[in-house]
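Colleague:
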Amino acid sequence: MNRCFVWLTGVLAPLWRRLGADPHALQLIFDAKLKIGERTTQFMGQQQKRDKNYTWVMYLFLGAFGLLVILGYYLLDDKATAIGLIFSFVFIYLGFMLVTEMSENMFDLRDLTILLSRPISDTTFSLSPALHIACFAAKGAMLLLTPLGIALVLLAGPLAALLYAVLAVMLVIMTILLTLGLYLTLLKRVAAARFQQLLAYFQIIISCVFFIAYQLPNFLNLSGYSPGQLSLVGTWWGFAGPGLWLGGIWDVILEGGSSTVLSLLQSGLGVTGTILSVVYYLRQSEGYGERLLELQIGGSQGAPEPETRPQRVRSDWIVNPIERYLTRPGVERAGFRFTWAIMARDMRFKQQVYPGVVIIPLLVIIYVFREWLMDEEAVRGMGFHLILIILYFFLALLITPLVTTRTSTEHQAGWVLRSNPLADRRPLLYGQLIAVAGQFYLPVGCIGYLCLLIGYGPELLDDIVLSIAVVLLGAAVFQLNDSTLAFSREKKQGGYSGLGSILLVYLLASFAGLAHWALTYLPYGVTAVAVVAWGICWLTFRELRSGVVK
Amino acid sequence: MVNPPPPAIELSDLRKSYYQKPVLFGLDLTVAPGQIVGYIGPNGAGKTTTLRILGGLDRKFDGEARVLGIDVKADPLAVKRRIGYLPESADLYEVLTPAEFYHLVGSLHGMTESRITDRAGRFEDFLELSYGKTQRIDTFSKGMRQKVLLTSVLLHDPDLIFLDEPLNGLDANSVIRVEDLLRQLTERGKTIFYSSHIMDVVERISDRIILLNNGRIAANGTFEEINRQAHRGNLEDLFASLTGGGLQRETPRFNFSEDE
Chain P
0 MNRCFVWLTG
10 VLAPLWRRLG
20 ADPHALQLIF
30 DAKLKIGERT
40 TQFMGQQQKR
50 DKNYTWVMYL
60 FLGAFGLLVI
70 LGYYLLDDKA
80 TAIGLIFSFV
90 FIYLGFMLVT
100 EMSENMFDLR
110 DLTILLSRPI
120 SDTTFSLSPA
130 LHIACFAAKG
140 AMLLLTPLGI
150 ALVLLAGPLA
160 ALLYAVLAVM
170 LVIMTILLTL
180 GLYLTLLKRV
190 AAARFQQLLA
200 YFQIIISCVF
210 FIAYQLPNFL
220 NLSGYSPGQL
230 SLVGTWWGFA
240 GPGLWLGGIW
250 DVILEGGSST
260 VLSLLQSGLG
270 VTGTILSVVY
280 YLRQSEGYGE
290 RLLELQIGGS
300 QGAPEPETRP
310 QRVRSDWIVN
320 PIERYLTRPG
330 VERAGFRFTW
340 AIMARDMRFK
350 QQVYPGVVII
360 PLLVIIYVFR
370 EWLMDEEAVR
380 GMGFHLILII
390 LYFFLALLIT
400 PLVTTRTSTE
410 HQAGWVLRSN
420 PLADRRPLLY
430 GQLIAVAGQF
440 YLPVGCIGYL
450 CLLIGYGPEL
460 LDDIVLSIAV
470 VLLGAAVFQL
480 NDSTLAFSRE
490 KKQGGYSGLG
500 SILLVYLLAS
510 FAGLAHWALT
520 YLPYGVTAVA
530 VVAWGICWLT
540 FRELRSGVVK
Chain V
0 MVNPPPPAIE
10 LSDLRKSYYQ
20 KPVLFGLDLT
30 VAPGQIVGYI
40 GPNGAGKTTT
50 LRILGGLDRK
60 FDGEARVLGI
70 DVKADPLAVK
80 RRIGYLPESA
90 DLYEVLTPAE
100 FYHLVGSLHG
110 MTESRITDRA
120 GRFEDFLELS
130 YGKTQRIDTF
140 SKGMRQKVLL
150 TSVLLHDPDL
160 IFLDEPLNGL
170 DANSVIRVED
180 LLRQLTERGK
190 TIFYSSHIMD
200 VVERISDRII
210 LLNNGRIAAN
220 GTFEEINRQA
230 HRGNLEDLFA
240 SLTGGGLQRE
250 TPRFNFSEDE
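As given, the protein sequences belong to chains P and V, one line each in that order. As numbered in numbering that gives the first Met the number 0, residues 0 to 549 make up the first sequence, in order. As numbered in numbering that gives the first Met the number 0, residues 0 to 259 make up the second sequence, in order.
Here it is, written out as structure tokens:
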């Protein structure tokens, strides 16, 4: 496949020349980058096991999704909307992948030492990482979209399939160039010394937005529609994103008779959007090499400190009370401070954890206030079982960060924990748990439980009290079961190693939720068991804190 | 009658292999307390492996290793309580500030917070390490990171200090300071066992030099004692002579004009 892409780059030589790049140099760099990508364990910014089986599993997964896409097309009566939604899905998927995983390829500082000193133009220099990333994204897009392309030959004829292929290429071009162009704009506008940090926050925010985007349909009240009747292209909804604009082109060309003025406008947006994305990227890539060089200088150790207000190391008014009242001096406190500091500053950790954590308050909002927001049914009409699911889903606020605090890109720094005497890891693990609880569970829990109490009423109080005990118990059991030292495991090793503990905890939480539901049928059942659960929770925490460094 | 202190290090037929490939071929060694021992050898000779074993980090070895009289394999934790270990690759949790890093390390040794702060401050003053209060390690130069590491290793006043390339990244003035610090430590009865590739420093400060070559001890003694074997005049030449380096052969010349 890679050979094919390299060959294609050669075929497109006139285009590169027109854009101001050296086709031969571009092809050579692209070929080298593909080879590096094949051989390195750092795969598009992620540590991966680069065996062939893994790659094939990924391809198979995407291919299976591609088959589901055919079903999506088949189910919707309005085919333009079907195409628009499918393209929107691919746009979100590719965009998410580009934003979260590919910045390291876009800003690979090794390029400076290897490429910038060679006689190549700035356009060649800036196009080479874009081509590499495009190749990776195109593979994913092809697997997702090709099954429908083949099916369209049979379902709608060769013309529709051809149009679909052209639109798919436009979609990929738009997605890649808009996303990478946005990166370049950041590189252009932001001071080099602050760029890496800002980029990381940008990635976190975009990741959260993408997560929310997937959940947005839950906000829409579609109960009055059957899926087949859904129509977005040709309505005001059709302006919502590039995927739907391309659906507009489909509408105008293939369903010309029924297309509206809005469809025409959307198709126009689709065409101009593709052209403008190319122009935008090329404009933003001017001086790419120089700015990358500034980035290296800005990020280097000898660089002068940027003139900004002193950086806050931690928010003492939050941390101090938690630290003072919930941890003992010594290893417990060291574990707490260490975990808190790394969690608060390690961008990789934030990128992995924050989007997953955002989803929980979002669920609370969606399920508790959906009916209320829609002004239809009272909140109390919502099934109690949904409330129970949410209450126990809070466990993820502790387990997700706890799992992530075991791995790190700086895992080799874990020597410091291994080379120093640590007779019992439990106090360290306790400190780690309190840090995670303080940073994630406490703030989200306070707001979430309050929302639930307001939404459902004070009679939910005993259920909340019981669920809190179970959630804390689950986290403590997890800590007792998986004693991996904090931030000391390589990510690629961490993939499945904690799976047993995770499954155990979530299984226990599921049973607890079921038992909770059964208890509601007993008078004072929840209250009585809440007292017992808190007792067990207290004993488990005592066990976790019992280790003493001699 | 008071028993004499046990040797700082005792190795007996120490063997180690990585995936069937032998790295150490039965090392026998005894180091008395209160010495500075330079542990030198070419790349891949097995120096870091030896240090890892002695530091209680690697228990998969054959033979016997005792540190301060404690069996490393049987009770690595007891060894770790009494030693300081500085690894070759200065891997750090870079998002931490030095104070946070010291707190972590000191607490693992059961030190109180005030003691950690006080000691770290005095070491930093001596090593001339200065930075902003909220400055993180990721903004430090290589030399500054090395000073942070050295401070963290010495915080708990270890009896035996293992240092793997302790002078990495330090400027000339800092090297002098570190040398001075190491001497002061031995005056207090501490033992320092360190590996380095900077031969003139090893020659200058070591009470004893151990040369490892291909997993075997090629030379062991004071510089004068070793020099008697090869009569080279300085440690660099002596090193090359004992490890089969370039000095014994004539360096071939590269032909730049062959393809012209």
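We treat Cβ as the ideally placed atom computed from N, Cα and C, and that holds for glycine.
List, in order along the chain, the chain P residues whose C-beta lies closer than 7 Å to that of Leu76/V?
Modeller: Under the 7 Å cutoff, chain P gives Pro420 and Ala422.
Colleague: Do Leu13/V and Ala64/V count as a contact pair if the criterion is CB distance below 9 Å?
Modeller: yes
Colleague: Would Ala434/P and Thr539/P be called neighbours here (beta carbons separated by less than 9 Å)?
Modeller: no
Colleague: Mind checking Glu306/P: buried by the 16 CB within 10 Å criterion, or exposed?
Modeller: Interpretation of Glu306/P is limited by its pLDDT of 42, a score under 50 that renders its predicted location unreliable; no figure is taken from the coordinates.
Colleague: Does any CB atom of chain P fall closer than 9 Å to the CB of Thr116/V?
Modeller: no
Colleague: Would you mind stating whether Gly555/P and Ser276/P have Cβ atoms separated by less than 9 Å?
Modeller: Residue 555/P lies beyond the range of chain P shown here (0 to 549); nothing can be said about it.
Colleague: Distance cutoff 9 Å, beta carbons only. Does Arg544/P sit that close to anything in chain V?
Modeller: no
Colleague: Can you give me the C-alpha to C-alpha distance between Val531/P and Ser466/P, rounded to a whole angstrom?
Modeller: 12 Å
Colleague: Return helix, strand or coil for Ala217/V, following the three-state DSSP convention.
Modeller: Ala217/V: strand per DSSP, three-state reduction.
Colleague: Around the Cβ of Lys15/V, are there at least 16 other Cβ atoms within 10 angstroms (buried) or fewer (exposed)?
Modeller: It is buried - the Cβ of Lys15/V has at least 16 other Cβ atoms within 10 Å.
Colleague: Using the Cα positions of Tyr92/V and Ile136/V, report the straight-line distance between them to the nearest angstrom.
Modeller: 8 Å
Colleague: Between the C-alpha atoms of Leu130/P and Ile28/P, what's the straight-line distance to the nearest angstrom?
Modeller: Cα to Cα, the separation comes out at about 10 Å.
Colleague: Going by Cα to Cα distance, which pick from Phe135/P, Ala517/P and Ala24/P is closest to His384/P?
Modeller: Ala517/P
Colleague: Mapping DSSP to helix, strand and coil, what is Glu306/P?
Modeller: Summary for Glu306/P: the model assigns pLDDT 42, below 50, so the residue's position carries little reliability; its value from the coordinates is reported in the next sentence. Here Glu306/P sits in coil by DSSP.
Colleague: Between which two residues does the beta strand (DSSP E) containing Asp158/V stretch?
Modeller: From DSSP, Asp158/V is part of no beta strand (DSSP E); its letter is neither H nor E.
Colleague: Along chain C, in chain order, which residues have C-beta atoms closer than 7 Å to that of Gln478/P?
Modeller: The structure shown contains no chain C; its protein chains are P and V.
Colleague: Per DSSP, which one or two residues make a beta bridge with Val30/V?
Modeller: As DSSP reads the structure, Val30/V sits in a beta bridge with Ile8/V.
Colleague: According to DSSP, is Gly188/V part of a helix, a strand, or is it coil?
Modeller: coil
Colleague: Is there a Cβ of chain P sitting closer than 9 Å to that of Arg135/V, yes or no?
Modeller: Taking 9 Å as the CB threshold, Arg135/V lines the interface with chain P.
Colleague: Give me, in chain order, the residues of the same chain whose beta-carbon lies closer than 7 Å to that of Val528/P; leave out the 5 immediate sequence neighbours on both sides.
Modeller: Leu465 and Leu518, listed in sequence order.
Colleague: With a cut-off of 9 Å, does the C-beta of Ala340/P fall near any C-beta of chain V?
Modeller: yes
Colleague: For Ser256/V, decide whether its Cβ has a neighbour in chain P, counting only Cβ atoms nearer than 9 Å.
Modeller: no
Colleague: Leaving out five residues before and five after Pro309/P in sequence, what residues of the same chain have Cβ atoms less than 6 Å from its Cβ?
Modeller: The pLDDT assigned to Pro309/P is 45, lower than 50, so where the model puts this residue is not dependable; a value taken from the coordinates is nonetheless given after this. Contacts found: none.
Colleague: Residues of chain V with CB closer than 8 Å to the CB of Gly329/P, please, in chain order.
Modeller: Neighbours of Gly329/P in chain V, taken as residues whose beta carbon is under 8 Å from its own, are Ser106 and Gly109 in chain order.
Colleague: Is Ser125/P closer than 9 Å to Lys565/P when the C-beta atoms are compared?
Modeller: Nothing in the structure corresponds to residue 565/P, since chain P is present only between 0 and 549.
Colleague: Span of the beta strand (DSSP E) holding Ile35/V?
Modeller: Ile35 to Ile39
Colleague: Reducing DSSP to helix, strand and coil, say where Thr406/P ends up.
Modeller: It is a strand residue.
Colleague: Below 7 Å on C-beta distance, what does Phe86/P contact in chain V?
Modeller: None at all; the shortest Cβ gap to chain V is about 40 Å.
Colleague: The beta strand (DSSP E) that contains Ala64/V, what's its start and end?
Modeller: Asp61 to Val66
Colleague: If we ignore side chains and look at the alpha-carbon of each, how far apart do Gly247/P and Leu147/P end up?
Modeller: 18 Å
Colleague: For chain P, find out if any of its Cβ atoms is closer than 9 Å to the Cβ of Tyr92/V; answer yes or no.
Modeller: Judged by the 9 Å Cβ criterion, Tyr92/V is in contact with chain P.
Colleague: What's the gap between the Cα of Lys146/V and the Cα of Ile535/P?
Modeller: 47 Å
Colleague: With DSSP as the reference, label Gly62/P as helix, strand or coil.
Modeller: It is helical.
Colleague: Hey, would you say Gly37/V sits closer than 9 Å to Ile160/V, going by beta carbons?
Modeller: no
Colleague: Assess contact between the segment 178-194 of chain V and the segment 19-35 of chain V, defined as three or more Cβ pairs (one per stretch) separated by less than 8 Å. Is contact present?
Modeller: yes
Colleague: If contact means a Cβ-Cβ distance below 9 Å, which residues of the segment 389-415 of chain P contact chain V?
Modeller: Answer set for the segment 389-415 of chain P: Ser407, Glu409, His410, Gln411, Ala412, Gly413, Trp414 and Val415.
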